[in-house]
Amino acid sequence: MTTQDSATTTRPIAVSTGTLLAGAGVAAFSLTFPATVWGLEGFGPWTFVGTRTVLAALIALGFLLARRVPPPARRYWGPLAAVACGTVIGFPLLTTLALGTSSTSHAAVVVGLLPLTTAVYAAVRSGRYPSKVFWCAALGGAAVVIAFAVQQSGGALSTADLYLFGALLVCAAGYAEGGRLAREMPGWQVIGWALVATLPLAVAGGALALAYEPVHLTAHGVAGLVWVAAGSTFCGLYVWYRGMAAIGVARASQLQLAQPLLTLVWSVLLLGERLSAVAVGAAAAVLVCIAVTQRARG
């Protein structure tokens, strides 16, 4: 075994510990949308995403340097690029743009499909295709979300919905590739190197955005920025990838069923949003569909 392999191979952890870690990741992610809405009180969307990425990348770089972790082997660059593009840049940017015009509860219902899209991507990526029951439930869940989005948007998909559907696709790839990679290197190194890889782009993008988007510092704005940078982007993804590596993508996706419901609760408690019966019903229907897909996968 080479020095690089020795440095990046992760020790196996118990299933119970992996479940707790993945659950902690879900709890962190459930606060992302409300924190983003807070952040947009003080920052423009492009400035917010650029700044959150820079802060998270600096945290990751500090950990990597402190632990003297060598750069990842070339064979890891492709999966790390998928994590960087999907979870570090794509999902935060697209959901932030969506939340500029969409309510947190609406976004939570649409993004509730993420466990399903992640499972579909993982199935295609591995070449192990699930049963017809899986695909029927998957299509049912997608139909529920599309119908909900159309009904809420007055008969057609809004621009915010298109952003959210795009976020689902890129994040599914980032989650699945990161979960596979976390079996070979510690989860914090997976997200750490993905963040560091985006640092130059984030600095340039954030600096450019600052020239065009005014910043008005508020308590909510700063709190939201700090949470998404340290809580969701670094710590949340670290425990999520570590837990997913231990218990598998399918079981971790089951835990993620709770994320949209938790986000709906946070939207009421932190943002004062009023939940419609349609939103709650759509979220429940999506949970049922995803639960069926998980059972069909075995």
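In terms of the working numbering, the numbers along the sequence shown are unbroken and rise by one, the last being 1485.
Beta carbons: idealized from backbone N, C-alpha and C, even for Gly.
Next item on the list: Take the Cβ of residue 1293 as the centre, count every other Cβ of all protein chains shown within 10 Å, and call the residue buried at 16 or more, exposed below.
Entry: Buried, by the Cβ-count rule.
Next item on the list: Whole angstroms is fine: what's the gap from residue 1388's alpha carbon to residue 1457's?
Entry: The C-alpha of residue 1388 lies about 32 Å from the C-alpha of residue 1457.
Next item on the list: Starting from the C-beta of residue 1189, find all residues in its chain whose C-beta is less than 7 Å away, skip the five residues before and the five after it, and write them out in chain order.
Entry: Residue placement at residue 1189 is flagged as unreliable, the pLDDT there being 40, under the threshold of 50; the coordinate-derived value follows with that caveat. Excluding sequence neighbours, residue 1189 sits near nothing in its chain.
Checklist line | Range of the contiguous alpha helix (DSSP H) that encloses residue 1264 | finding: Looking at the DSSP string, the run of the alpha helix (DSSP H) that includes residue 1264 is 1264-1270.
Notebook entry, point to check: With a cut-off of 8 Å, do at least 3 Cβ pairs link the stretch 1205-1215 to the stretch 1269-1280?
Noted result: With the cut-off at 8 Å, the stretch 1205-1215 and the stretch 1269-1280 do not touch.
Margin query: What does the alpha-carbon distance come out to for the pair residue 1404 and residue 1312?
Written below: Distance between the alpha carbons of residue 1404 and residue 1312: 43 Å.
Note to self: Applying the 10 Å Cβ sphere with the 16-neighbour rule, what's the burial state of residue 1346?
What the structure shows: Result: exposed.
Note to self: Along the chain, where does the alpha helix (DSSP H) containing residue 1429 start, and where does it finish?
What the structure shows: Counting along the chain, the alpha helix (DSSP H) containing residue 1429 begins and ends at 1424-1434.
Check: Between the stretch 1372-1386 and the stretch 1310-1326, are three or more C-beta pairs nearer than 8 Å?
Finding: Not touching, per the Cβ criterion.
Item checked: Nearest candidate by alpha-carbon position, reference residue 1418, set 1402, 1380 and 1240 -> Of the listed residues, the one whose Cα sits closest to residue 1418 is 1240.
Notebook entry, point to check: Count the other CB atoms within 10 Å of the CB of residue 1454; is the residue buried (16 or more) or exposed (fewer)?
Noted result: The residue in question, residue 1454, is buried, as its Cβ has 16 or more Cβ neighbours within 10 Å.
Next item on the list: Sort 1331, 1263 and 1424 by Cα distance to residue 1368 and report the nearest one.
Entry: Comparing Cα positions, the closest option is 1263.
Notebook entry, point to check: Which one of 1338, 1302, 1357 and 1341 has the shortest CA to CA distance from residue 1324?
Noted result: Ranked by how close their Cα comes to the Cα of residue 1324, the residues 1338, 1302, 1357 and 1341 have 1302 in first place.
Check: For the putative contact between residue 1212 and residue 1427, defined by C-beta atoms under 8 Å, what is the C-beta separation to the nearest angstrom?
Finding: Between residue 1212 and residue 1427, the beta carbon gap of about 3 Å places them in contact (Cβ cut-off 8 Å).
Next item on the list: Let me know the secondary structure DSSP gives residue 1301 once reduced to three states.
Entry: Note: residue 1301 maps to helix in three-state DSSP.
Notebook entry, point to check: CB residue 1414 to CB residue 1259, shorter than 9 Å?
Noted result: Contact check for residue 1414 against residue 1259 fails: the beta carbons are separated by 9 Å or more.
Check: What separation, rounded to the nearest whole angstrom, lies between the Cα atoms of residue 1286 and residue 1365?
Finding: If you take the alpha carbons of residue 1286 and residue 1365, they lie about 25 Å apart.
Next item on the list: Could you check how far apart the C-beta atoms of residue 1220 and residue 1450 are, in whole angstroms? I think they sit under 8 Å.
Entry: For residue 1220 against residue 1450, the beta-carbon gap comes to about 5 Å, under 8 Å, which counts as contact.
Next item on the list: With residue 1339 as the anchor, note down where its alpha helix (DSSP H) starts and where it stops.
Entry: Start and end: 1319-1339.
Margin query: Which residue marks the beginning of the alpha helix (DSSP H) containing residue 1242, and which one marks its end?
Written below: Run containing residue 1242: 1232-1253, per the alpha helix (DSSP H) assignment.
Checklist line | Burial state of residue 1261 (16 or more Cβ within 10 Å) | finding: In this structure residue 1261 is exposed. Its beta-carbon is surrounded by fewer than 16 other beta-carbon atoms within 10 angstroms.
Notebook entry, point to check: Buried or exposed: where does residue 1482 fall if 16 or more other Cβ atoms within 10 Å of its Cβ makes it buried?
Noted result: Residue 1482 comes out exposed.
Notebook entry, point to check: Comparing alpha-carbon positions, which option in 1214, 1215 and 1225 lies nearest residue 1459?
Noted result: For residue 1459, the closest alpha carbon among the candidates 1214, 1215 and 1225 is that of 1225.
Item checked: Rounded straight-line distance, which links the Cα of residue 1465 to that of residue 1341 -> Looking at the two C-alpha atoms, the distance is approximately 14 Å.
Check: For residue 1394, which three-state DSSP category applies?
Finding: Secondary structure of residue 1394 (DSSP, three-state): helix.
Next item on the list: Note the first and the last residue of the continuous alpha helix (DSSP H) segment covering residue 1284.
Entry: Segment 1278-1286, the alpha helix (DSSP H) holding residue 1284.
Margin query: Classify residue 1362: buried if its beta carbon has 16 or more other beta carbons within 10 angstroms, exposed otherwise.
Written below: Its Cβ being crowded by 16 or more others within 10 Å, residue 1362 is buried.
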